[in-house]
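Encoded as C-alpha cells, the structure appears first; notes follow it.
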Amino acid sequence: MEEEMKKKRNKKKKRKQSKATEDIAVDAGETASLDQNHESNGQDDNGQVSETADAHNHVQNINVDPKGHLPNGTEGASLEETVKVLQNENEWHIKKEATLEETVKQLQQKNHLYIQKEASLEETVKMFQNENEWHIKKEATLEETIKQLQQKNHSYVQKEATLEEKVKKLQQKNHSFIQKEASLEETVKLLQNENQSHIKRKATLEETINQLQHECHSYIQKEESLEEKVKHLEREKGFWIIKENSTKETLANLHGDAAKLQAQFGRWWSWKNSGAISSKKTND
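Just remember that the working numbering sits 908 ahead of the position in the sequence shown, which is counted from 1.
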C-alpha cells in the first residue's frame, strides 16, 4: 500500500513539473509566489534558492501581452534557463519530500522496534499506520508529525529506562532468590545428613532395644526360674524349719532324758560310793 501511494505521489509531482514548464510564460506571477514560499522556509540546497529567485525575477521582468505571448526579441536561452531552474527547484522539493519521507520511515522503524518490545502497543501501531496515510495526504503537516513522533519516541525511551530499572530490580531479586535457594539447598543437605545420622542412630537404638528386649526376655525367664527355685527353697526351708523344730524337740527330750540319767547316775554313784565305804569299815 505504501509503495502504491509513493507511485501516486511521483506521478502527481511529474504532472506538477510538466504543468509548471508549460505555464512559465503565462504564470510568471504565480511562479514568483512559489519562489517566495520556498524562500520563507529558510532552506538552502547548494545555492539553488538564490538561483531560483534570480530566475523568477527574470521571468517577472519579461513583459507578456494580454494573450500570453512573449514579446519579440526575448531570448529563448534565458527562458530555457528559467525552466531548468524551476525543474531543479521541483527536484529539490522532491528530494526534500523524499528526505522527510525517509525521516518518517526511520521514525516508523524506531516505533516498530518499540512496538516489538512492547507487545501491548499494537493499538499504537495501527495509530501510526493511520498517521502514515495522513502524512501522505497532508504533506504540509509532516514536520509537526515528526515532532509528535519524536515526543512519543522520547516517551518510549523514558518508558524503556523505567522498564530497564524494573528489570534491574527483578534481576537483583532473582539474585537474592538464587542465594536464598542455595542457602536452602545447603540447609536441606545438612538436614538430610542429620536425618541420615538419625536414621543410623535409630537403627542402632532399635538394635540396642532388640538386644535389651532379648536380654529382658532372658532375665524374665531367669527370674521365673529363680522364682521357682525360691519357691522350692522356701518349701525346703519350711521342711527344714519343721525338721529343725522336731530336732529341737527331740534334743530337748534327749536333754531331759540325759538330765534324768545324769541324776540317776549321780544317785547311783553316790550310793555306790557310800556302800564301798561301809564295806571297808566292816572289813577293818
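Yeah, the Cβ is synthetic: ideal placement off N, Cα and C, and Gly gets one too.
Chain-order list of residues whose beta-carbon lies under 6 Å from that of residue i (same chain, five-residue window excluded)
i, result
"SER1178", "none"
"LYS975", "Residue placement at LYS975 is flagged as unreliable, the pLDDT there being 45, under the threshold of 50; a coordinate-derived value is accordingly withheld."
"ILE1086", "none"
"ARG1143", "none"
"THR1053", "HIS1043"
Straight-line gap, residue i to residue j (C-alpha atoms, nearest Å)
i, j, result
"LEU1169", "THR1155", "20 Å"
"SER1195", "HIS1020", "The structure shown does not extend to residue 1195, since the chain spans only 909 to 1192, so no value can be given for it."
"ALA1090", "THR1007", "57 Å"
"ILE987", "ASN1040", "Note that residue 987 is Leu in the sequence shown here, rather than Ile. LEU987 and ASN1040: Cα-Cα distance of roughly 39 Å."
"GLU1102", "THR1116", "20 Å"
"GLN1129", "HIS1163", "49 Å"
"HIS1062", "GLN1100", "55 Å"
"GLU1132", "HIS1140", "12 Å"
"THR1112", "ILE1150", "55 Å"
"LEU1078", "LEU1092", "20 Å"
"GLN995", "ALA1048", "21 Å"
"GLU1005", "GLN1059", "21 Å"
"GLN1037", "GLU1051", "17 Å"
"HIS1106", "VAL1096", "15 Å"
"LEU1015", "LYS1074", "26 Å"
"ASN1181", "ALA1166", "21 Å"
"LYS1081", "LYS1088", "10 Å"
"LYS1034", "ALA1069", "24 Å"
"GLN1104", "LYS1110", "10 Å"
"LYS1046", "LEU1071", "35 Å"
"GLU1094", "GLN1119", "37 Å"
"LYS1076", "LYS1018", "23 Å"
Burial state of residue i, where buried means 16 or more other Cβ atoms lie within 10 Å
i, result
"LEU1098", "exposed"
"TYR1127", "exposed"
"HIS1043", "buried"
"GLN1024", "exposed"
"THR990", "buried"
"LEU1057", "buried"
"GLU1031", "exposed"
"PHE1173", "exposed"
"PHE1147", "exposed"
"GLU997", "buried"
"VAL1065", "exposed"
"VAL1138", "exposed"
Limits of the alpha helix (DSSP H) - the one that residue i falls within
i, result
"THR1007", "984-1025"
Three-state secondary structure assigned by DSSP to residue i
i, result
"LYS1034", "helix"
"LYS1180", "helix"
"LYS867", "It is not possible to answer for residue 867, since the shown part of the chain is limited to 909 through 1192."
"ARG1175", "helix"
"ALA936", "Low per-residue confidence applies at ALA936: pLDDT is 43, beneath 50, and the placement is therefore not dependable, though the value from the model is reported in the following sentence. Residue state, collapsed to three classes: helix."
Residues near residue i in its chain [Cβ-Cβ closer than 7 Å; skip 5 each side]
i, result
"SER1084", "none"
Contacting residues, own chain, Cβ-Cβ under 8 Å from residue i (five flanking each side not counted)
i, result
"GLU1157", "none"
Test: residue i CB closer than 8 Å to a CB of chain B
i, result
"ASN1082", "This model lacks chain B altogether, as it is built from one protein chain only."
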